[in-house]
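Chemist: Residue numbers (our numbering): 33 to 713.
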Amino acid sequence: MPAQLQQQVASGKWRLLPKTGVAAPETGNIEGHVYCLLPLPVTTALPVHVNGHFILDPSRRSLWKADGAVDVKEQWNQVLATQLLPDCYGSLLETAKAVYPNVQRVHHFYSLLPEYHASNQTLWGQLAKLVFQNAFRFRWAIFPVHSVIEKQLKWLPLAQSSGDASGCAAFLTPHNLTAYLQNVLSKLRFPIMVPDHVGLRQSLEWSQLEFTPVADAVSICAFLRGPACKQLRDSLPSDVRATSFQTPDAVVSLLAYLLDELQEQVQHLIGVPLNLGAGNRLSEFGHGSTPLFLTQFHDLFSHSEAKHEFVHKKVLSQVDPKTQNYLIRRKLCQDFQLMDFRTLLHREHAAICRTDTAFLPNSEFGMEAGFLQQWLNQVWEFLDSQCTEEDAPMQNLSSAGLSSAHLIPVSKSRFASLSLAPCIFEPIKFRLDDCSKAVEESLQQLNAPSLSMMGLKLVGSLCGNVRQPDSMLRVMEFALNENAERSATTEKQAVSFLVYIQSNWGELSKRMGEQNLLVRVRQLPVFVTSDGRCCALKSEQACILPASLVADEMDEWKSSSRAVFLKANRSLTMLYAKLQCDEMAELEVYARFILPVFSNFTDITRKKHLEKLLKLSWKFERIQVENPMLSQSLRAAKLVPFDGQWRSVNTFYDGNVEIFKKFLQPQCFLPRRTTKSDGER
């Protein structure tokens, strides 16, 4: 009360009593007037009539208004309007709660609330403002909240802050909160007012309250982790259908709304029971629990218990990448990486990760064929997304401990481990040259593992194919040396591999170095020997034998040599030259290998060799000049049958005689001295 007025009242000179009242009809709306025992022609813009012992002006038609400074009479009117009438208004609203007890009639109650705008500085505008301020400050329980579960109205005071999580204070409905979400919150007993009339929020905002009680995201989060939801949280983790949410959609919709409002302030979700996992399992965010994996590959383990460790796919569809980063950064969720995949794969599918075998039959997976194919597509799509280093995808997979995982579908309804990827070839059926076709056919005939499922991008890059020669060398090595199911290599298959290597020698040597390439090629058992076998050269000297050489009793002279004797093949001339194979002439073979063991042959074989030497005798004279060592070997060999024995040529001939100009039968083979005149005859 102003001091001047207080003095008047204290002196006993003030005769008026501070009586006030507020009235409104139960039904219908009115234009509020001022009463001073009798109605005055003064409107208030309030939905109620106000009555009081006001001081009127001389006309008795309006309230007293001083001409200059405010006097005690005007102060009296202000005291009635601003200090007494607000409480009367509150009493009216308290009484009205009983008159309008259900949600169907709550709009009548709302019609009794004043409207206030900051521009309204009249006495009655101040009254309206004070009604809201008092309602907030003194926690008048006059704001209707509808409980869907209890199916009745509750009257609560306004919430005092965003953290008012008791559930016993009312919040206004946000503009962007849908009717569906209002219903969800109501089932959780969140105290949100029944749809309020249009001016209530604005009036509260203009009334300069310490807090405008709008149900923002922070308020909802505080409620969900507060005492009102303790019973719900204590029941978690559990199936969402057994909670107040009842459906996954309810959780997803509310979470999406909160995330959209919170933006990067997602820490408010810690302790909030909106963490919906695949399999419809609901839990709290944070609070020491392991964050769920937030990934588009949530179905990788949907057929096992591990599905509960992934965020529900419906949540993922509502969360943009930016928000996903916020959640991961705050450790409310976690990114799904290769190491996580490896851990779950070992735990849920131990058989797939066996280290004691290179191949597993499809039956070990325990999945139907259709589902298995879909699952594999997802697995490889995930692995592809994780192998960001294009030049070293296998290194990424190995570093994550996935080498033993049998995830590569290969021929014969099997799966190969990832470590075998470079040993597997991907068939290419279109636009291949004859050389590449022959290699693919040979690999298939040898039972080499081939990729049986097309369209797996990353798998194809890990496996070999004939269009990438450097990748095929490892495929050949495995198919020929390591594959336990390989069949015997035929000459045709061996030649196809060598022709392919020769055709791509330039690219192969450029990528792996010529010396390394030479060593690896020599280890392949694809070199066809003179007797039709396939073998590896390794470090041994390779000699290419003429095709016309006498083949009888070859073992007599081949076994005593450390060389590998290869069959001549004109289509491999360049490759043999690169491998430094010794392409030998027939006489050179005789001199180095056959003649030193000539005496070990049977007579039939000796005769065949002699007949062959006779055919080659026209070369002897030239050889004497070009290769004296060869000539000496011929002369030292026991080629001459005499007196039931085989004697060396030197026994009968000196170096001036051309031998084997004519072949004689043993019984008439007698030595004689030839002269120049004989030669002329």
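C-beta: ideal position from N, C-alpha, C; glycine also.
On the premise that residue 498 lies in contact with residue 714, defined as a C-beta separation below 8 Å, what is that separation, rounded to the nearest angstrom?
Modeler: Examination of residue 714 is not possible in this model, given that the chain is present from 33 through 713 alone.
Chemist: Where does residue 271 fall in DSSP's three states?
Modeler: strand
Chemist: Leaving out five residues on either side along the sequence, give the residues of the same chain with a beta carbon under 7 Å from the beta carbon of residue 708.
Modeler: Only weak support is given to the placement of residue 708: the predicted model assigns it a pLDDT of 44, under 50, and the value that follows is read from those uncertain coordinates. Nothing listed; no residue qualifies.
Chemist: I need the DSSP call for residue 225, collapsed to helix, strand or coil.
Modeler: strand
Chemist: Can you tell me the Cα-Cα spacing of residue 306 and residue 434, whole angstroms?
Modeler: Distance between the alpha carbons of residue 306 and residue 434 is about 34 Å.
Chemist: Residue range of the beta strand (DSSP E) that residue 599 falls in?
Modeler: 596-599
Chemist: Give the straight-line distance between the Cα atoms of residue 208 and residue 261, rounded to the nearest whole angstrom.
Modeler: 24 Å
Chemist: Decide if the stretch 102-114 is in contact with the stretch 85-93; the criterion is three or more beta carbon pairs, one per stretch, under 8 Å apart.
Modeler: Between the stretch 102-114 and the stretch 85-93, the count of C-beta pairs closer than 8 Å reaches three or more; the two stretches touch.
Chemist: On the three-pair Cβ rule with 8 Å, is the stretch 347-362 touching the stretch 291-306?
Modeler: In short, these stretches touch, since the Cβ pair count reaches three.
Chemist: Under a three-way DSSP split, which group does residue 74 fall into?
Modeler: strand
Chemist: Name the one or two DSSP bridge partners that residue 81 has.
Modeler: 55
Chemist: Helix, strand or coil: how does DSSP classify residue 351 here?
Modeler: coil
Chemist: Taking the alpha carbon of residue 375 as the reference point, which residue from 325, 345, 416 has its own alpha carbon closest?
Modeler: 325
Chemist: Do the CB positions of residue 373 and residue 414 come within less than 8 Å of each other?
Modeler: With respect to residue 414, residue 373 sits close: the two C-beta atoms are nearer than 8 Å.
Chemist: Who are the Cβ neighbours of residue 595 in its own chain at under 6 Å, not counting the five residues just before and after it?
Modeler: 573, 575
Chemist: For residue 286, which residues from the same chain have a beta carbon less than 7 Å from its beta carbon, with the 5 sequence-adjacent residues on both sides left out?
Modeler: Answer for residue 286: 213, 216, 306, listed in chain order.
Chemist: For the stretch 519-576, list the alpha helix (DSSP H) runs that are entirely contained and at least 4 residues long, ordered along the chain.
Modeler: 523-535, 537-544, 546-554
Chemist: For residue 237, which residues does DSSP report across the bridge?
Modeler: Paired residue(s): none; residue 237 is not in a bridge.
Chemist: Could you compute how far the alpha carbon of residue 591 sits from the alpha carbon of residue 519?
Modeler: 26 Å
Chemist: DSSP on residue 689, reduced to helix/strand/coil?
Modeler: Any reading at residue 689 must be qualified, since the residue scores a pLDDT of 44, below 50, and its modelled position is unreliable; the value itself is stated next. The DSSP-derived three-state label of residue 689 is coil.
Chemist: For residue 366, name the three-state secondary structure that DSSP assigns.
Modeler: strand
Chemist: Within the stretch 135-185, note down every full beta strand (DSSP E) run reaching 3 residues or more, in order along the chain.
Modeler: Within the stretch 135-185, complete beta strand (DSSP E) segments of at least 3 residues are found at 175-179, given in chain order.
Chemist: Taking all protein chains shown into account, decide if residue 650 is buried (16 or more other Cβ within 10 angstroms of its Cβ) or exposed.
Modeler: exposed
Chemist: Quick one: Cα of residue 133 to Cα of residue 165, how far?
Modeler: 24 Å
Chemist: Compute the distance between the beta-carbons of residue 511 and residue 475, then report whether it is under 8 Å.
Modeler: yes
Chemist: Could you give the residue range of the alpha helix (DSSP H) that holds residue 645?
Modeler: 635-648
Chemist: Can you have a look at residue 547 and say buried or exposed, based on whether 16 or more other CB atoms are within 10 angstroms of its CB?
Modeler: exposed
Chemist: Within 8 Å (strictly less), CB to CB, does residue 342 reach chain C?
Modeler: Although the question refers to chain C, the structure presented lacks it and comprises just one protein chain.
Chemist: For residue 340, which residues from the same chain have a beta carbon less than 6 Å from its beta carbon, with the 5 sequence-adjacent residues on both sides left out?
Modeler: 309, 311, 313
Chemist: Could you work out which residue in 173, 185, 439, 117 is closest to residue 192 when comparing CA atoms only?
Modeler: 173
Chemist: So, do the stretch 620-632 and the stretch 657-675 have three or more beta carbon pairs nearer to each other than 8 Å?
Modeler: The stretch 620-632, when compared against the stretch 657-675, does touch it at the 8 Å Cβ threshold.
Chemist: Roughly how many whole angstroms lie between the Cα atoms of residue 439 and residue 384?
Modeler: Their Cα atoms are separated by approximately 8 Å.
Chemist: Curious, which full-length alpha helix (DSSP H) runs of at least 4 residues does the stretch 235-320 contain?
Modeler: 249-256, 262-266, 280-294
Chemist: Can you find the residues in the same chain that come closer than 8 Å, C-beta to C-beta, to residue 588, ignoring five residues on each side of it along the sequence?
Modeler: Within the same chain, residue 588 has close Cβ partners 629, 632, 633.
Chemist: Less than 6 Å between C-beta atoms, sequence neighbours within five positions excluded: which residues of the same chain meet that for residue 580?
Modeler: none
Chemist: Cutting at 7 Å between CB atoms, please list the residues of its own chain near residue 443, excluding the five before and the five after it.
Modeler: Counting only Cβ-Cβ distances below 7 Å, and skipping sequence neighbours, we find 481, 482, 484.
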